[in-house]
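K.L.:
Before I ask anything, let me first share the structure, which is written out below as structure tokens.
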Amino acid sequence: MRDFFHRRGAFRPRLADDQQPDQAIPEDLWTKCPRCHELQYTKELERNARVCPKCSYHFRLSARARVGLLADPDSFVEWDPEVRPEDPLRFVDGSGSYLDKLARTEAKSGETEALLTGRAAIEGRPLALAVCDFDFMGASMGSVFGEKLVRTAERCAELGLPLLTVSASGGARMHEGLFSLMQMAKTVAALARLGRARVPHFSLLVDPCYGGVTASYATVADVILAEPGALIGFAGPRVIEQITKQKLPEGFQTAEFLLEHGMVDLIVERGALRAGLATLLAHYAPAVEQQVPLNGHLHEPALVAVVESGAAGG
Amino acid sequence: MDTSTSRRSSPWSRAGLPVADTAGADVLLGVIDVDAAPPRRSAWDRVKLARHPERPHAIDYLRELTIDFVELHGDRAFGDDRALVGGLARFDGRTVMVLGHQKGETTKENLARNFGMARPEGYRKAQRLLRHAEKFGFPVLTFIDTPGADPGIGSEERGQATAIAEGLLAMADLAVPSVAVVIGEGGSGGALAVGVADRIVMLENAVYAVVSPEGCATILWKDAARAPEAAETMRITAEELAAFGIVDEVVPERVPAHEQPRETILATGRVLARHLRELVEAYPAADPEAVPRLRDARYRKFRRIGAWREARADDGVPLDDAGVG
Numbered sequence: 000m001r002d003f004f005h006r007r008g009a010f011r012p013r014l015a016d017d018q019q020p021d022q023a024i025p026e027d028l029w030t031k032c033p034r035c036h037e038l039q040y041t042k043e044l045e046r047n048a049r050v051c052p053k054c055s056y057h058f059r060l061s062a063r064a065r066v067g068l069l070a071d072p073d074s075f076v077e078w079d080p081e082v083r084p085e086d087p088l089r090f091v092d093g094s095g096s097y098l099d100k101l102a103r104t105e106a107k108s109g110e111t112e113a114l115l116t117g118r119a120a121i122e123g124r125p126l127a128l129a130v131c132d133f134d135f136m137g138a139s140m141g142s143v144f145g146e147k148l149v150r151t152a153e154r155c156a157e158l159g160l161p162l163l164t165v166s167a168s169g170g171a172r173m174h175e176g177l178f179s180l181m182q183m184a185k186t187v188a189a190l191a192r193l194g195r196a197r198v199p200h201f202s203l204l205v206d207p208c209y210g211g212v213t214a215s216y217a218t219v220a221d222v223i224l225a226e227p228g229a230l231i232g233f234a235g236p237r238v239i240e241q242i243t244k245q246k247l248p249e250g251f252q253t254a255e256f257l258l259e260h261g262m263v264d265l266i267v268e269r270g271a272l273r274a275g276l277a278t279l280l281a282h283y284a285p286a287v288e289q290q291v292p293l294n295g296h297l298h299e300p301a302l303v304a305v306v307e308s309g310a311a312g313g
Numbered sequence: 000m001d002t003s004t005s006r007r008s009s010p011w012s013r014a015g016l017p018v019a020d021t022a023g024a025d026v027l028l029g030v031i032d033v034d035a036a037p038p039r040r041s042a043w044d045r046v047k048l049a050r051h052p053e054r055p056h057a058i059d060y061l062r063e064l065t066i067d068f069v070e071l072h073g074d075r076a077f078g079d080d081r082a083l084v085g086g087l088a089r090f091d092g093r094t095v096m097v098l099g100h101q102k103g104e105t106t107k108e109n110l111a112r113n114f115g116m117a118r119p120e121g122y123r124k125a126q127r128l129l130r131h132a133e134k135f136g137f138p139v140l141t142f143i144d145t146p147g148a149d150p151g152i153g154s155e156e157r158g159q160a161t162a163i164a165e166g167l168l169a170m171a172d173l174a175v176p177s178v179a180v181v182i183g184e185g186g187s188g189g190a191l192a193v194g195v196a197d198r199i200v201m202l203e204n205a206v207y208a209v210v211s212p213e214g215c216a217t218i219l220w221k222d223a224a225r226a227p228e229a230a231e232t233m234r235i236t237a238e239e240l241a242a243f244g245i246v247d248e249v250v251p252e253r254v255p256a257h258e259q260p261r262e263t264i265l266a267t268g269r270v271l272a273r274h275l276r277e278l279v280e281a282y283p284a285a286d287p288e289a290v291p292r293l294r295d296a297r298y299r300k301f302r303r304i305g306a307w308r309e310a311r312a313d314d315g316v317p318l319d320d321a322g323v324g
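Going down the list, the protein sequences come from chains W and U. The letter at position 203 of the first sequence is residue 202 when you use numbering that gives the first Met the number 0, and the numbering goes up by one with no holes. The letter at position 237 of the second sequence is residue 236 when you use numbering that gives the first Met the number 0, and the numbering goes up by one with no holes.
Following this line, the structure appears as structure tokens:
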């Protein structure tokens, strides 16, 4: 916690103008809070971990900003950045091909996929992180997302490293069809193995988290945390309204709604996350030390893959 | 199971066109005249066939293929979901646990069964029955036929996402062999929740997709009327999914299932019985070593599903054509 407000150097905030058109002011000097509409000096907002000082609205964070916020300085080592998406369906939609979409997203976001994974430490305690980047195609889960998460879970099982996933996603990636759906099974299967190795999985749900991500690995966790006000659910609110023709209740699908309905363990303010996670990690440390290592990293060949090199991180 | 072998034995070519693979067809049906195979139907035609109101549903399969069916109701927490039925039945000489989405035959029944869209209590009932199957060593047979999981307010309140996720976990971790068959609509997570099986079989005119063609067209084409195009693009047909190695075997439909329901059901039954027999022999309930082997084989099966490449450190590698299948 002490370090927390002084680690602004690690933030690389990006206001994705296609996601938040009303919030970006030219040159990003000022940022308008979507909840209280107050204008905030962007640097001030960053100093406050992108939480509105007036109304506590938690702005969305890129994956790297999230890692910067959570991990001890210089502790993060990225895993598997060389795993890159393919286009198994030769998918072309109304706005062009999937490959073009990937190239455009990569150029704009600087990321190569929607999930950032690696090892890190929180207050000196080692763990693995798997963090969604909502700016990358709504952090939709496709083959690379699934593969990176599974490799991470396998290393965790092998090394006795607790896993923290941070999920914000629109769900499965349509452009990879059933391959994407099957990542739900694949990631959960890896977590089943992790569970058998008695290594804990902590899941942090942040705004917005929907569909195939909420309905798979993100809710198969030993402890489920959520950020205040985050929207979390299976079906999106517009779909529900369209199908049921009902007006949605106040606060529907917020983290607070999920807590009330027994779906999450805790709601944690962003500023208290590091300390909270450190406390959790301490609780599980003795159990993790007695963990039975599994022959973790299977490195199965992909059903459809072009392997340029077998290099693996970690 | 060696999936490469099972893909080789698939009677469908890589391009997704039926091939006169007589050996494979013999195993599949025994009686099918492969030369008389009809021309390939479009993905959209199959969506319509998969949703055909007279297409045989899970209970029709149970009626034809099993005896002594005892339906087991309720999740012991909230309610009984009639969109997802389950229970014990005798199939091919042994007791199995069956689970299946069930659509209605009439409007009234469809309302009672929520058009085959299961709610959290349905998925929790499924988990309860899976644990029950493990306890007594009953193999599991699941019938997939749903537009998707129920997207209602109550389902969200009762944790639809969690119920599906825990269903996936229960199936991924199951200590007994399992076979799933997509008989009609394989609608996204709601289908997969009972689909994480050791063998995945699919009928020729069934479809299996990450999102409905209408949903995909609305989001990516901004026009629901483009659903036929979306259906084609998403590769949702049985032979395409078999070519991808996701589906293990396709049950041919010489004519659409609703035109010859009994023949289709019996042909499906033969395929299911063969897979189940293979699994029960390979992983006998009496063998304590069998459970870890079974879980490991299942893990490897799903572990391999994906399409990615591994770039060199210097990157700049153009996206190559992937070798499919």
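The beta carbon of each residue, even a glycine, is placed where N, CA and C say it ideally should be.
Going along chain W in order, which residues have a C-beta closer than 9 Å to the C-beta of residue 148(U)?
P.N.:
Chain W residues near residue 148(U): 214, 233, 234.
K.L.:
Does the distance from the C-beta atom of residue 238(W) to that of residue 215(W) stay below 8 Å?
P.N.:
Against a cut-off of 8 Å, the Cβ pair of residue 215(W) and residue 238(W) comes out as no contact.
K.L.:
When the distance is taken between beta carbons, is residue 169(U) closer than 8 Å to residue 101(U)?
P.N.:
No, they are not a contact pair.
K.L.:
Starting from residue 184(W), find everything on chain U with Cβ-Cβ shorter than 7 Å and list it in chain order.
P.N.:
Result: 167, 171, 191, 195, 301.
K.L.:
Indicate whether residue 183(U) and residue 208(U) have their beta-carbon atoms separated by less than 8 Å.
P.N.:
No, they are not a contact pair.
K.L.:
Could you pull out every residue in the same chain whose Cβ sits closer than 6 Å to the Cβ of residue 72(U), ignoring the five residues on either side in sequence?
P.N.:
Once the five neighbours on either side are set aside, the close Cβ partners of residue 72(U) are 79.
K.L.:
Nearest to residue 82(W) by alpha carbon, out of 117(W), 42(W), 168(W), 107(W)?
P.N.:
When each option's Cα is compared against that of residue 82(W), the closest is 117(W).
K.L.:
Taking 8 Å as the CB-CB cut-off, is residue 124(W) touching chain U?
P.N.:
No, residue 124(W) does not count as interfacial toward chain U.
K.L.:
Enumerate in chain order the residues of its own chain whose CB-to-CB distance from residue 218(W) is below 6 Å, with the five nearest sequence positions on each side excluded.
P.N.:
If we look at residue 218(W) and ignore the five residues flanking it on each side, it has no Cβ neighbours.
K.L.:
Looking at residue 150(U): is its Cβ nearer than 8 Å to the Cβ of residue 95(U)?
P.N.:
Not in contact: residue 150(U) and residue 95(U) (Cβ atoms no closer than 8 Å).
K.L.:
Helix, strand or coil for residue 140(W)? Go by DSSP, reduced to three states.
P.N.:
Three-state result, residue 140(W): strand.
K.L.:
Which residue comes first and which comes last in the beta strand (DSSP E) that contains residue 43(U)?
P.N.:
Not the beta strand (DSSP E): residue 43(U) falls in the alpha helix (DSSP H), residues 42-49.
K.L.:
With a cut-off of 8 Å, does the C-beta of residue 230(W) fall near any C-beta of chain U?
P.N.:
For residue 230(W), the answer is no, since every Cβ of chain U falls outside 8 Å of its Cβ.
K.L.:
What does a CB cutoff of less than 8 Å around residue 299(U) pick up in its chain, not counting 5 residues either side in sequence?
P.N.:
Excluding sequence neighbours, residue 299(U) sits near nothing in its chain.
K.L.:
Can you list, in chain order, the residues of its chain whose CB lies under 6 Å from that of residue 257(U), leaving out five sequence neighbours each side?
P.N.:
For residue 257(U), where only same-chain residues beyond five positions count, the Cβ hits under 6 Å are 51, 53, 54.
K.L.:
Listing by chain order, which chain C residues have their CB less than 9 Å from the CB of residue 254(U)?
P.N.:
Although the question refers to chain C, the structure presented lacks it and instead comprises the protein chains W and U.
K.L.:
Around the Cβ of residue 120(U), are there at least 16 other Cβ atoms within 10 angstroms (buried) or fewer (exposed)?
P.N.:
The residue is buried, with at least 16 neighbouring Cβ atoms inside 10 Å.
K.L.:
Note down, in chain order, all residues in the segment 40-71 of chain W with a beta-carbon under 8 Å from any beta-carbon belonging to chain U.
P.N.:
Residues passing the 8 Å Cβ filter: none.
K.L.:
Leaving aside the five residues before and after residue 136(U) along the sequence, list all residues of the same chain whose C-beta is less than 7 Å from its C-beta, in chain order.
P.N.:
Closer than 7 Å at Cβ, skipping near neighbours: 175, 284.
K.L.:
Kindly list, in the order they appear in chain U, the residues whose Cβ is closer than 7 Å to that of residue 262(W).
P.N.:
Per Cβ cutoff of 7 Å: 158, 161.
K.L.:
Answer with buried or exposed for residue 145(U), where buried requires no fewer than 16 other C-beta atoms within 10 angstroms of its C-beta.
P.N.:
The residue in question, residue 145(U), is buried, as its Cβ has 16 or more Cβ neighbours within 10 Å.
K.L.:
State buried or exposed for residue 246(W), treating a residue as buried only when at least 16 other CB atoms are found within 10 Å of its CB.
P.N.:
Burial call: exposed.
K.L.:
Just mark residue 315(W) as buried or exposed, buried being the case when its beta carbon has 16 or more other beta carbons within 10 Å.
P.N.:
Nothing can be reported for residue 315(W): it is not among the residues displayed for chain W, which extend from 0 to 313.
K.L.:
Exposed or buried, what is residue 69(U) when buried is set at 16 or more other beta-carbons lying within 10 Å of its beta-carbon?
P.N.:
So residue 69(U) ends up on the exposed side.
K.L.:
Which residues of the segment 217-237 of chain U have a Cβ closer than 8 Å to any Cβ of chain W? Give them in chain order.
P.N.:
Against chain W - using a Cβ distance shorter than 8 Å - the residues of the segment 217-237 of chain U are 218, 219, 220, 221, 222, 225, 229, 232, 233, 234, 235.
K.L.:
Could you tell me whether any non-hydrogen atom of the ligand ATP is closer than 7 Å to the CB of residue 288(U)?
P.N.:
Judged by which ligands are present, the structure shown has none, so any question about the ligand ATP falls away.
K.L.:
For the alpha helix (DSSP H) that residue 248(U) lies in, which residues bound it at each end?
P.N.:
From DSSP, residue 248(U) is part of no alpha helix (DSSP H) but of the beta strand (DSSP E) over 248-250.
K.L.:
On the three-pair Cβ rule with 8 Å, is the segment 155-165 of chain U touching the segment 206-223 of chain U?
P.N.:
In short, these stretches do not touch, since the Cβ pair count stays below three.
K.L.:
Below 7 Å on C-beta distance, what does residue 187(U) contact in chain W?
P.N.:
Correct list: 180.
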